[in-house]
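Asker: For the sequence shown, the working numbering begins at 2 and goes up steadily by one. Glycine is no exception: its CB is placed at the ideal position from the N, C-alpha and C atoms. Fair warning: this is a prediction, and the values are worked out from it, not measured in the lab.
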Amino acid sequence: MSKRHFLLIVLAAAAALLAGCKNSQTLLPSVSGKAGEIIVVMEKPDWEDTLGNDVRDLLARDCPWLAQQEPLYSLVNITPSNFVNMFKVHRNILLFQVGPQVDSTGIIYKHDVWSAPQCVIQLSAPTSAEASALLKEKGAMIVSSIEQAERDRVIRNTLRYEERPLYQQVAEIFGGSPHFPSGYRLRKATDDFVWIADDKQYVYQDVLIYRYPADADPFTLEKIIAHRNEIVKDNVPGMIEGSYMTTSDFFTPTTEYLKYRGRDLVQTRGMWDVQNDYMGGPFVSHSFYSPNGEEIIVAEAFVYAPRYDKRQYLRQVESILYSWEWKN
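1. When the Cα of Gly294 is compared with those of Asp218, Trp325, Val32, Ile197, which residue comes out closest?
2. Quick check: what's the CA-CA separation for Ser125 versus Val56?
3. Do the region 314 to 325 and the region 153 to 163 make contact, defined as three or more Cβ pairs closer than 8 Å?
4. Where Leu59 and Gln317 are concerned, what is the direct C-alpha to C-alpha distance, given to the nearest angstrom?
5. Please name the residue in Glu151, Leu96, Pro307 whose C-alpha comes closest to that of Tyr205.
6. Quick one: give me the first and last residue of the alpha helix (DSSP H) that Leu29 is part of.
7. Report all residues from its chain with a CB closer than 7 Å to the CB of Phe194; omit the five preceding and five following residues, and keep chain order.
8. Mark Gln26 as exposed unless 16 or more other C-beta atoms lie within 10 angstroms of its C-beta, in which case mark it buried.
9. Report the CB separation of Val285 from Glu319 in whole angstroms; it is logged as a contact under 8 Å.
10. Mind checking whether Tyr245 and Pro238 have CB atoms under 8 Å apart?
11. With the cut-off set at 8 Å, would you say Val334 and Thr128 are in Cβ contact?
12. If you count every other CB in all the chains shown that lies within 10 Å of the CB of Thr269, and 16 or more means buried, which is it?
13. So if DSSP puts Gln313 in a beta bridge, which residue, or which two residues, is it bridged to?
14. Smallest Cα separation from Phe289: which of Val299, Met280, Gly282?
15. Figure out for me which residue from Thr191, Tyr203, Ala198, Val121 has the closest Cα to the Cα of Glu164.
16. Which class does Phe88 belong to by DSSP, given the choice of helix, strand or coil?
17. With burial defined as no fewer than 16 other Cβ atoms inside 10 Å of the residue's Cβ, what is the status of Leu259: buried or exposed?
18. Per DSSP, Pro283 is paired with what?
19. Spatial neighbours of Glu184 within its chain, please: C-beta separation below 6 Å, excluding the five flanking residues on both sides.
20. Would Gln313 and Gly37 qualify as a contact pair, given that the criterion is a beta-carbon distance under 8 Å?
21. DSSP three-state call for Ser178: helix, strand or coil?
22. Buried or exposed: Ser178, going by 16 or more other Cβ atoms within 10 Å of its Cβ?
23. Who are the Cβ neighbours of Asp274 in its own chain at under 6 Å, not counting the five residues just before and after it?
24. How is Ala306 classed by DSSP in three states: helix, strand or coil?
25. Measuring only the C-alpha atoms, how far is Ala215 from Phe175?
26. Keeping to the same chain, check which residues put their C-beta closer than 7 Å to that of Lys328; ignore five residues upstream and five downstream.
27. If you draw a straight line from the C-alpha of Leu95 to the C-alpha of Gln119, how long is it?
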């Protein structure tokens with residue numbers, strides 16, 4: 002066989018291998034399960050003992066940004082012997098491998114193992130006590146990974162069913178915009194304020210985008226809330242005359258500095274209510290510099306759903322904020 006023929010055979014085999022890998026990815030089924038749900042694969046004795054309690058303390062604790070009690074995630078325990086194909090395609094899986102046969106302690110983060118887009122976290126340890134210690138040590142990373150997976154699914158669906166004209170309208174004003182899924186509509190637009198909403202009969206999921214001049218220290222909580230109150234008072238009226246949105250004094254807002262895909266931003270969480278009326282709910286905002294550094298741009302998501310749990314509604318609209326993209 003000539004060198005040339007041998008090279009052609011190798012190249013053909015490599016191409017077939019790559020094609021096979023690509024096809025194996027496209028053949029993965031879509032994930033199952035409800036948003037905000039996690040399957041925890043763990044032996045029943047551990048689930049009913051300290052290790053299970055530690056998992057619940059981490060993942061089923063109260064959502065920190067809601068007024069009423071709702072778990073951060075909904076957990077479903079499946080034993081390893083019952084972890085069959087119907088459960089393997091779930092969107093979020095926390096898989097525990099605990100026992101003397103395990104020769105190392107660690108966590109592995111995987112994506113799209115049995116379905117797509119899937120988040121699988123495997124925690125391995127020789128004993129339950131060591132598994133609990135590792136869970137506590139890496140708890141923040143575990144929560145962050147699952148939160149990111151939930152967020153990415155929302156963004157993925159948003160881009161698939163996008164109301165593209167909304168991006169263009171907002172980007173013309175601010176130089177960039179989040180991406181909005183089908184159902185969102187423009188409610189108000191000025192030179193420095195935009196209100197885009199998906200308002201149904203009993204559930205409001207809204208996004209506000211506004212800007213103001215940057216000063217020497219623009220990201221203190223006091224300044225962020227002061228600007229917010231001034232802007233929403235002028236632009237977000239309540240349902241009765243003389244009422245308007247403001248920031249609730251009953252719940253103290255919090256701020257967190259984040260870096261997300263190359264953008265530095267300050268995330269603020271709090272509760273909103275309506276002056277002179279009885280409406281309220283959670284909000285989350287992202288504050289960041291404009292490209293020239295002269296202005297602060299704020300993208301805010303808020304929810305009003307008095308008849309329903311709000312955890313998932315807030316996650317959905319909050320995820321939209323993370324899809325922000327500069328026009329250029």
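Answerer: Let's see:
1. Nearest of Asp218, Trp325, Val32, Ile197 to Gly294, Cα basis: Asp218.
2. Taking the straight line joining both Cα atoms gives about 14 Å.
3. In short, these stretches touch, since the Cβ pair count reaches three.
4. Annotation: Leu59 to Gln317 spans about 21 Å, alpha carbon to alpha carbon.
5. Scanning Glu151, Leu96, Pro307 for the CA closest to the CA of Tyr205 turns up Pro307.
6. Leu29 -> no alpha helix (DSSP H), and no H or E assigned at all.
7. So the list reads Tyr211, Ile232, Asn236, once near-sequence residues are dropped.
8. Summary for Gln26: the model assigns pLDDT 49, below 50, so the residue's position carries little reliability, and this model does not support an answer.
9. Between Val285 and Glu319 the beta-carbon gap is near 5 Å, inside 8 Å, which marks them as a contact.
10. Yes; because the gap between Cβ atoms is below 8 Å, this pair is in contact.
11. With the chain covering 2 to 329 only, the question about residue 334 has no answer from this structure.
12. Buried.
13. None, per the DSSP bridge assignment.
14. Nearest C-alpha to Phe289: Val299.
15. Closest in alpha carbon position to Glu164, among Thr191, Tyr203, Ala198, Val121, is Ala198.
16. Of the three classes helix, strand and coil, the one that applies to Phe88 here is helix, per DSSP.
17. Exposed, by the Cβ-count rule.
18. In DSSP, Pro283 forms a bridge with Met272.
19. Glu is not the amino acid found at residue 184; the sequence shown has Gly there. Within its own chain, the residues whose Cβ lies closer than 6 Å to the Cβ of Gly184, once the five positions on either side in sequence are excluded, are Asp199, listed in chain order.
20. With a cutoff of 8 Å on beta-carbon distance, Gln313 and Gly37 are scored as near each other.
21. Three-state result, Ser178: strand.
22. Classification for Ser178: buried.
23. If the five residues before and after Asp274 are omitted, its C-beta is found closer than 6 Å to the C-beta atoms of Ser249, Gly281, all from its own chain and listed in chain order.
24. DSSP places Ala306 in coil when its eight states are reduced to three.
25. Just so you know, the alpha carbons of Ala215 and Phe175 end up roughly 15 Å apart.
26. Sequence-distant Cβ neighbours of Lys328 in its own chain, meaning closer than 7 Å and more than five residues away, are Ala172, Gly176, Gly177.
27. It is roughly 11 Å from the alpha-carbon of Leu95 to the alpha-carbon of Gln119.
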